[in-house]
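Residue numbers (our numbering): 12 to 718.
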């Protein structure tokens with residue numbers, strides 16, 4: 012059966028390539044102007060710099076995925092970005108809900124309630140704790156665009172934008188009646204649907220957009236002990252937006268969201284215990300766990316145009332709950348279970364003033380930012396099989412607050428000679444507080460109760476300086492120095508014997524780049540090279556009950572670059588890819604007698620790359636055939652600080668074949684069509700790697716109706 016599936020997959024890929032033609036090239040960003048249009052640097056507009064700019068104007072490494080890319084490539088979760096963007100890596104944490112992401116060798120977050128090294132923004136609102144905030148498929152419906160801004164973005168985005176920023180933007184209301192219904196079925200009993208309705212309430216004044224999505228899918232791995240599947244998906248999400256154009260220069264956008272996720276148990280196994288001949292489609296745990304999330308979110312964006320600038324205010328509140336039940340030994344040893352609940356309430360306010368005079372050589376923005384995050388958690392670790400006389404429970408409760416404020420500014424001056432000089436600065440202050448209590452219960456008695464209370468605060472001043480030159484031949488070269496940071500934090504008694512705080516991780520980035528638009532609309536080249544110096548590197552280590560905790564390791568340096576090249580070969584035929592390389596090395600880290608200097612930072616592949624070919628052709632009147640194939644490569648990845656455990660390089664191939672008309676679209680798609688077996692993530696459990704196998708071959712059909 013597996014050989015038959017592989018033959019069918021080869022045949023599907025061959026069909027896509029045959030339709031697309033023999034051309035091959037490299038690129039990263041994609042955008043189109045119409046069904047047969049071409050993408051150029053000055054036609055691609057990005058917003059990650061907190062203003063609308065063409066790709067040619069952004070003096071940084073930026074990638075864009077458009078709504079058309081999302082449709083054709085079936086990008087339905089953050090996992091689908093794996094291998095899609097240079098020096099961007101996604102590792103599912105063990106289940107359908109959680110994901111680790113890394114950019115340029117900096118791992119965003121591996122432990123809940125800890126700072127992220129990669130900023131994640133949904134509709135201009137930061138996710139302070141992305142790992143606990145549904146960074147999965149929940150947000151990926153009714154998308155307008157996804158942008159990745161690489162390199163430290165401390166001046167614009169502040170804490171937790173040390174390696175870059177991932178910006179997810181959903182569609183806003185429009186003053187016209189429109190709608191969309193999407194249905195999708197696939198293997199592993201996948202059923203997904205979404206619906207969108209956009210309606211004007213008052214002509215040219217008030218408009219509403221309502222969107223909802225539903226996902227139901229079996230997990231990819233059978234539990235041989237319990238007789239069910241692990242990491243099932245069951246998600247229902249809704250989003251409503253109300254746009255009020257108050258006047259010619261003033262508008263307000265209200266967004267209300269609710270996410271309800273009831274996903275299945277984690278699908279990880281201890282690799283050494285399972286052995287080299289273990290069936291990758293199986294897991295073996297005795298706990299029927301779950302990964303549940305509930306999130307309600309509210310935001311209000313106000314825009315007002317002045318003669319010289321635009322005032323932007325973004326007020327947001329997020330109220331979320333995470334409920335996780337899992338097997339702490341990841342095997343059928345019946346040693347107990349771990350039940351964890353985390354509740355967070357996040358408030359953020361950003362106010363900025365952005366210049367809007369395109370005739371002026373000055374381009375600037377300035378602003379202020381405030382955040383307040385309340386968190387409370389309960390951890391229940393049951394030790395021993397149920398019914399055994401000496402069974403014991405470890406119970407930890409706690410809570411805390413992290414809050415802070417910042418002032419920031421960014422400015423650029425364009426000289427008549429073609430030179431542009433710019434800089435930015437951000438001053439920020441934040442404070443963390445946490446208390447926790449841990450005790451054991453044995454035969455009804457409370458034992459060894461401990462309590463802790465830790466607070467810490469930090470003040471940071473970060474800067475950026477850049478110099479660019481715009482040649483007359485559509486070539487821009489630039490150099491910049493930028494700084495960023497990942498906030499410090501506090502460990503709880505659920506993780507370690509004694510609470511402690513750890514310092515912020517800071518990075519200084521030195522970067523050179525160029526952007527060249529090929530003559531005749533043939534495409535463009537985007538190249539960047541960087542050296543990143545990291546101080547007080549944060550690493551995760553296994554603590555009590557298998558819980559991970561964070562501490563400072565020392566110093567690291569990351570060297571690498573990104574290359575993007577897009578070619579518009581023929582009308583409707585384009586080739587694109589991305590190539591990213593990073594050498595992330597710890598330069599100074601000793602842990603007792605162990606010296607990890609010159610070792611590679613864990614969880615970071617050295618190479619990430621994607622080659623894509625897409626063909627779109629009108630085959631009937633106003634009906635277009637679209638075919639696309641993507642080849643992704645992920646390089647060697649180490650799982651541990653000592654670099655003793657690693658995953659070899661692997662490659663994945665995705666393909667889509669579709670037919671599009673004015674009011675309907677249908678796509679046949681396959682992901683990992685050659686059924687490549689690989690380990691998508693590895694956690695250190697003492698000296699053992701607990702790993703999760705990556706998604707196998709998945710395929711399906713999608714039907715989309717629009718009006």
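Every residue, glycine too, gets a C-beta built ideally from N, C-alpha and C.
Assigned secondary structure, residue i (DSSP; H/G/I helix, E/B strand, else coil)
i, result
"residue 689", "coil"
"residue 502", "coil"
"residue 174", "coil"
"residue 711", "strand"
"residue 90", "helix"
"residue 42", "Note that residue 42 scores a pLDDT of 40, beneath 50, so its modelled location is shaky; the value from the coordinates is reported in the next line. Three-state result, residue 42: coil."
"residue 228", "strand"
"residue 302", "strand"
"residue 68", "helix"
"residue 194", "strand"
"residue 531", "helix"
Alpha carbon of residue i to alpha carbon of residue j, nearest angstrom
i, j, result
"residue 526", "residue 626", "25 Å"
"residue 290", "residue 356", "41 Å"
"residue 331", "residue 306", "4 Å"
"residue 562", "residue 497", "13 Å"
"residue 78", "residue 152", "10 Å"
"residue 429", "residue 485", "11 Å"
"residue 618", "residue 647", "7 Å"
"residue 159", "residue 437", "21 Å"
"residue 208", "residue 98", "36 Å"
"residue 74", "residue 457", "55 Å"
"residue 598", "residue 550", "14 Å"
"residue 716", "residue 191", "6 Å"
"residue 410", "residue 385", "8 Å"
"residue 367", "residue 423", "13 Å"
"residue 239", "residue 233", "6 Å"
"residue 467", "residue 335", "28 Å"
"residue 475", "residue 676", "45 Å"
"residue 124", "residue 461", "20 Å"
"residue 376", "residue 169", "15 Å"
"residue 359", "residue 380", "7 Å"
"residue 226", "residue 156", "21 Å"
"residue 126", "residue 633", "49 Å"
"residue 698", "residue 607", "15 Å"
Exposure of residue i, with buried meaning 16 or more beta-carbon neighbours within 10 Å
i, result
"residue 81", "buried"
"residue 454", "exposed"
"residue 447", "buried"
"residue 276", "buried"
"residue 370", "exposed"
"residue 692", "buried"
"residue 200", "exposed"
"residue 441", "buried"
"residue 582", "exposed"
"residue 426", "exposed"
"residue 588", "buried"
"residue 477", "buried"
"residue 202", "exposed"
Terminal residues of the beta strand (DSSP E) in which residue i lies
i, result
"residue 122", "From DSSP, residue 122 is part of no beta strand (DSSP E); its letter is neither H nor E."
"residue 266", "261-275"
"residue 576", "559-581"
"residue 160", "154-161"
"residue 439", "430-453"
"residue 244", "244-258"
"residue 332", "320-337"
"residue 597", "584-599"
Unbroken alpha helix (DSSP H) run spanning residue i, endpoints
i, result
"residue 208", "Where residue 208 is concerned, there is no enclosing alpha helix (DSSP H), although the beta strand (DSSP E) it sits in stretches over 201-213."
"residue 282", "282-285"
"residue 79", "78-84"
"residue 166", "165-168"
Near the ligand ZN: residue i beta-carbon under 8 Å from a heavy atom
i, result
"residue 447", "For the ligand ZN, the structure offers nothing, since it holds no ligand at all."
Cutoff 9 Å: residue i Cβ touching any chain B Cβ
i, result
"residue 409", "No chain B appears in the structure shown, which is made up of a single protein chain."
Does the pairing of the stretch 170-188 with the stretch 127-135 give three or more beta-carbon distances under 8 Å?
yes
Check whether the stretch 590-600 and the stretch 569-580 are in contact - that is, three or more C-beta pairs closer than 8 Å.
yes
Would you say the stretch 671-684 touches the stretch 698-711, given that touching needs at least three Cβ pairs under 8 Å?
yes
Between the stretch 338-348 and the stretch 266-282, do at least 3 Cβ pairs fall closer than 8 Å?
yes
If you pair each beta-carbon of the stretch 512-524 with each one of the stretch 542-553, do three or more pairs fall below 8 Å?
yes
Decide if the stretch 209-226 is in contact with the stretch 252-268; the criterion is three or more beta carbon pairs, one per stretch, under 8 Å apart.
yes
Check whether the stretch 54-70 touches the stretch 526-538, counting contact only when three or more Cβ pairs, one atom from each stretch, lie closer than 8 Å.
yes
Count the C-beta pairs between the stretch 635-646 and the stretch 660-673 that are closer than 8 Å, then say yes if the count reaches three, no if not.
yes
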